[in-house]
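First up is the structure itself, then whatever we jot down about it.
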Amino acid sequence: MHVSYVTREGAAIEAVGGIDLQVPDKPGVGEIVVLLGPSGCGKSTVLKSVAGLLRPTRGEVRVGGQPVTGVGRDRGMVFQQYTSFGWLTVAENVGYGLRLAGVPKAQRQEQVEHYLQLVGLYDYRQLYPKSLSGGMKQRVAIARTLINRPRLLLMDEPFGALDPQTRWEMQTLLLEIARREDATIVLVTHDVSEAVYVGDTCYVLTPRPARIVERVEVPSFGDRTPALKAAPEFRAVEQALLARLYARLPGSAETVSR
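Note that numbering that gives the first Met the number 0 has the sequence shown beginning at 0, numbered continuously upward.
Okay, structure coming up:
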């Protein structure tokens with residue numbers, strides 16, 4: 000997959016070049032695939048192409064064997080920016096897609112309650128977004144996306160604006176969603192610690208134009224708690240990924256030698 004865009008001045012800029020990424024569907028096994036790379040490298044462009052928000056200038060994107068030609072219910076996306084509708088309650092936000100799809104009210108309410116319970120917002124269902132913290136707003140976005148049962152849950156640095164404690168809570172929620180909902184999640188991040196904590200597989204990307212330079216299988220650490228991040232085995236994987244990432248940055252010894 001290759002993606003280019005044109006600036007206002009008319010200059011063509013290659014955002015993504017030579018991406019060959021396959022995320023296998025593993026029924027019965029939730030999985031989190033991480034795209035790890037420096038800020039501005041093209042990670043979000045890759046994700047938007049999978050979502051159908053952008054079209055590759057060369058190559059193609061397929062989901063379930065079918066080419067992606069636009070947005071679809073088989074792919075749901077959660078952004079870093081908060082996207083709740085301010086005039087709707089939490090419950091109405093979560094059920095908005097089902098209402099548009101004509102799902103009967105009783106069935107819709109049952110589904111809304113399930114996903115509000117899943118993300119820990121059932122007791123806040125009658126509140127409006129202005130009353131919610133940043134972490135709670137992202138929980139609304141996740142529930143609103145999951146309720147459509149997408150084949151792929153795409154997440155574009157959704158926890159980047161959160162404080163460390165809330166960020167860890169959301170990372171733990173993501174692990175729970177992958178397990179309980181049998182979800183395949185593709186997460187974009189530049190945070191190496193986050194990639195190791197939540198990821199099953201991590202793809203390391205170069206600076207723009209993004210290319211995959213390495214695929215890393217993250218070990219299973221058992222119970223993932225805040226204490227894990229200080230464990231020697233966790234730090235070893237984290238340091239190895241940092242080395243791979245920094246080796247591709249401009250000015251690094253490996254980059255200069257090339």
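A virtual CB, placed ideally from N, CA and C, is assigned to each residue, including glycine.
#### Entry: Any non-hydrogen atom of the ligand GDP within 8 angstroms of residue 196 CB
This structure does not include the ligand GDP; it has no bound ligands of any sort.
### Task
Ignore the nearest five residues each way along the sequence and tell me which others in residue 136's own chain have a CB closer than 8 angstroms to its CB.
81, 83, 128
### Message
Which of the three DSSP states is assigned to residue 87 in this structure?
### Response
Coil at residue 87, not helix or strand.
### Task
List the whole-angstrom C-beta distance separating residue 202 from residue 97, where the pair is believed to meet the contact cut-off of C-beta under 8 angstroms.
About 33 angstroms; that fails the 8 angstroms criterion.
### Task
Indicate whether residue 134 and residue 110 have their beta-carbon atoms separated by less than 9 angstroms.
no
### Query
Are the beta-carbon atoms of residue 155 and residue 43 separated by less than 9 angstroms?
Yes.
### Query
So, residue 176 versus residue 117, is the Cβ gap smaller than 9 angstroms?
yes
#### Entry: C-beta contact flag for residue 152 and residue 77 at 9 angstroms
A contact, by the Cβ cut-off of 9 angstroms.
#### Entry: Whole-angstrom C-beta distance between residue 181 and residue 41, which should lie under 8 angstroms
No, residue 41 and residue 181 are not in contact; Cβ-Cβ is about 29 angstroms, not under 8 angstroms.
### Task
Alpha carbon to alpha carbon, how far is residue 89 from residue 112? Give it in angstroms, no decimals.
11 angstroms
### Query
Whose C-beta lies closer than 7 angstroms to the C-beta of residue 147 among residues of the same chain, with five residues either side of it excluded?
Answer for residue 147: 72, 75, 96, listed in chain order.
### Query
Does DSSP classify residue 96 as helix, strand or coil?
helix
### Message
Output needed for residue 207: all residues of its chain with C-beta closer than 7 angstroms, excluding positions within five of it in sequence on either side, in chain order.
### Response
14, 39, 40, 41
#### Entry: Start-end ranges of the beta strand (DSSP E) lying completely within the segment 128-170, minimum 3 residues
151-155
### Query
Mapping DSSP to helix, strand and coil, what is residue 259?
An answer regarding residue 259 cannot be provided, because it is not within the stretch 0 to 257 covered by the chain.
### Message
The beta strand (DSSP E) that contains residue 30, what's its start and end?
### Response
For residue 30, the enclosing beta strand (DSSP E) has its first and last residue at 30-35.
### Task
Under 8 angstroms Cβ to Cβ from residue 169, same chain only, skipping five residues before and after it: list those, please.
134, 137, 138, 157, 158, 161
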